[in-house]
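This note's numbering puts the first residue of the sequence shown at 8, with every later residue one more than the last. Note that the Cβ used here is the ideal one computed from N, Cα and C, for glycine as well. Below is one structure, written out as structure tokens; the observations come after it.
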Amino acid sequence: MMSAYFAALSEALKAAEIFRPCLVLDRDRLDGNIALVKERLAPGLAVRLVDKSLPCMPLLSHIARALETNRFMTFHPPVTQAVLDGFPEGDLLYGKPMPVGAARA
């Protein structure tokens, strides 16, 4: 059985005539989760966002601002470049060995 929450989302998509697969982002729930992370994060620990999980620059920017971080873990050169462009002062950690040629490009 579908919960009332998901039924309402489904109805909203139908009303908007969106019938193809799409991403639906609940900003209120996202912001609630961000607040929970901030509340439970031990003092002195820094958050590092994983760009592979959030390959959308506006979303990454929103979360980085809310968590007051410029630390990222990155995996894929094109996404790495987008993060570097969006966060010139970002602290990037590569999540897998990157070929030297790709890092220099």
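Residue i (DSSP reduced to helix, strand or coil)
i	result
residue 81	strand
residue 23	coil
residue 10	coil
residue 30	coil
Residue i to residue j span [Cα, whole Å]
i	j	result
residue 52	residue 91	23 Å
residue 21	residue 109	43 Å
residue 75	residue 10	34 Å
residue 28	residue 17	11 Å
residue 25	residue 50	43 Å
residue 99	residue 69	17 Å
residue 93	residue 66	12 Å
residue 59	residue 79	10 Å
> Counting only runs that start and end within the region 34-111, where is the beta strand (DSSP E) found for 3 or more residues in a row?
Replying inline: Fully enclosed beta strand (DSSP E) runs of no fewer than 3 residues occupy 78-81 and 98-101 of the region 34-111, in order along the chain.
> For the region 46-60 against the region 25-33, are there 3 or more C-beta pairs whose distance is under 8 Å?
Replying inline: No, the region 46-60 does not touch the region 25-33.
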